[in-house]
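S.K.:
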Amino acid sequence: AMGAADIGIVGYNEVAEKGQKVDVVQKLGFGACRISLAIPKAEEYPGVRWFAGKRVATSYPRILAEYFGREGICADIHEIAGSVEIAPAVGMADAIFDIVSSGGTLVSNGLREVEKVLFSEAVLVATPGLPAEKKTLLDQLMFRFGAALESRGMKYLLMNLPSESVERAIEILPAMRSPTVMPLAQTGWCSLHSVVREGELWDKVEQLKAIGAEGILVLALEKIIK
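Under our numbering, read the sequence shown as residues 5 to 230, first letter to last.
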């Protein structure tokens, strides 16, 4: 956005806070967090109106101001850099607006999360109106990132099973189009290769074993290129 680079990777929270004109071209699936409002855990919280007239410390004043504007809240926003979570304890603020991942930092500072305002992750961004040669590079990056993202949560299965069970195995494992089936040297047996979502892995394995599959190998996938 400032002309220092044409393409970059940054947290979406930074894109939203800076307000600069960039194109968010791809979500990258890592660096997930949220930006939330938190108050001292001893405070009663009736709702977002609690923040009216309160002092709120944050490193993200733009995002917070927009949120309060939508909610019709008039609050005193204090912009500070770093260690936002200690502001209530030292009397600098009544509440904070900061990045939250696990919530452990809030707990250790006597705070509790009350409003989740923005969900963020790493994103691929680009300057609007890239010239053709740079747009080609961007498309190549998106293709390569996409191949890596597509493989997340997927496993590669290899197994031996009786040839008579192949049709049933194909029903169990439709794969990306159809499993790969190859005959083995031993008559009446074949090898089957397929891809399965990790969340379905054990259920599929149990079904496959029930129809005679054995020697089942489960391998990680680095890329899936469609």
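Beta carbons: idealized from backbone N, C-alpha and C, even for Gly.
If you measure between the beta carbons of residue 14 and residue 129, is that distance less than 8 Å?
M.R.: Taking the first residue of the sequence shown as 1, we reach residue 14 at position 10. Taking the first residue of the sequence shown as 1, we reach residue 129 at position 125. Their beta carbons are under 8 Å apart, which means residue 14 touches residue 129 by this criterion.
S.K.: Can you name, in chain order, every residue of its own chain whose Cβ lies under 6 Å from the Cβ of residue 169, other than the five neighbours on each side?
M.R.: To locate residue 169, count along the sequence shown from 1; it is residue 165. Cβ neighbours of residue 169 beyond the five flanking positions: 215 and 216.
S.K.: Using three-state DSSP, classify residue 168 as helix, strand or coil.
M.R.: By 1-based counting over the sequence shown, the position of residue 168 is 164. The answer is helix: DSSP assigns residue 168 an H, G or I state.
S.K.: Can you look up residue 149 in the DSSP assignment and give me helix, strand or coil?
M.R.: Your numbering for residue 149 matches position 145 in the sequence shown. Of the three classes helix, strand and coil, the one that applies to residue 149 here is helix, per DSSP.
S.K.: When we look at the beta-carbon of residue 78 and count the other beta-carbons within 10 Å, is it buried (16 or more) or exposed?
M.R.: By 1-based counting over the sequence shown, the position of residue 78 is 74. It is exposed - the Cβ of residue 78 has fewer than 16 other Cβ atoms within 10 Å.
S.K.: On the three-state DSSP scale, how would you describe residue 173?
M.R.: By 1-based counting over the sequence shown, the position of residue 173 is 169. Looking at residue 173 - three-state DSSP - the assignment turns out to be helix.
S.K.: Can you have a look at residue 208 and say buried or exposed, based on whether 16 or more other CB atoms are within 10 angstroms of its CB?
M.R.: Within the sequence shown, residue 208 is the residue found at index 204, counting from 1. The residue in question, residue 208, is buried, as its Cβ has 16 or more Cβ neighbours within 10 Å.
S.K.: Under a three-way DSSP split, which group does residue 26 fall into?
M.R.: Translated into positions along the sequence shown, residue 26 becomes position 22. Coil.
S.K.: Around the Cβ of residue 92, are there at least 16 other Cβ atoms within 10 angstroms (buried) or fewer (exposed)?
M.R.: Translated into the one-based positions of the sequence shown, residue 92 becomes position 88. Per the 10 Å Cβ criterion, buried.
S.K.: Is residue 47 helix, strand or coil when you go by DSSP?
M.R.: Position 43 of the sequence shown, counting from 1, holds the residue named residue 47. The answer is coil: DSSP assigns residue 47 none of H, G, I, E or B.
S.K.: Is the beta carbon of residue 161 sitting closer than 8 Å to the one on residue 220?
M.R.: By 1-based counting over the sequence shown, the position of residue 161 is 157. By 1-based counting over the sequence shown, the position of residue 220 is 216. In contact: residue 161 and residue 220 (Cβ atoms closer than 8 Å).
S.K.: Would the stretch 184 to 196 and the stretch 132 to 147 be scored as touching if the rule is three or more Cβ pairs under 8 Å?
M.R.: Contact between the stretch 184 to 196 and the stretch 132 to 147 is absent, because fewer than three Cβ pairs lie under 8 Å.
S.K.: With three or more C-beta pairs closer than 8 Å as the rule, is the stretch 22 to 41 touching the stretch 117 to 125?
M.R.: Yes, the stretch 117 to 125 touches the stretch 22 to 41.
S.K.: Who are the near neighbours of residue 31 in its chain, counting only those whose CB is closer than 7 Å to its CB and skipping five residues on each side?
M.R.: The residue you call residue 31 lines up with position 27 of the sequence shown. Excluding positions up to five away in sequence, the list reads 125 and 127.
S.K.: Just reading off the alpha helix (DSSP H) that residue 111 is part of, what are its end residues?
M.R.: Locating residue 111 in the sequence shown gives position 107, counting from the first residue. Unbroken alpha helix (DSSP H) run through residue 111: 108 to 112.
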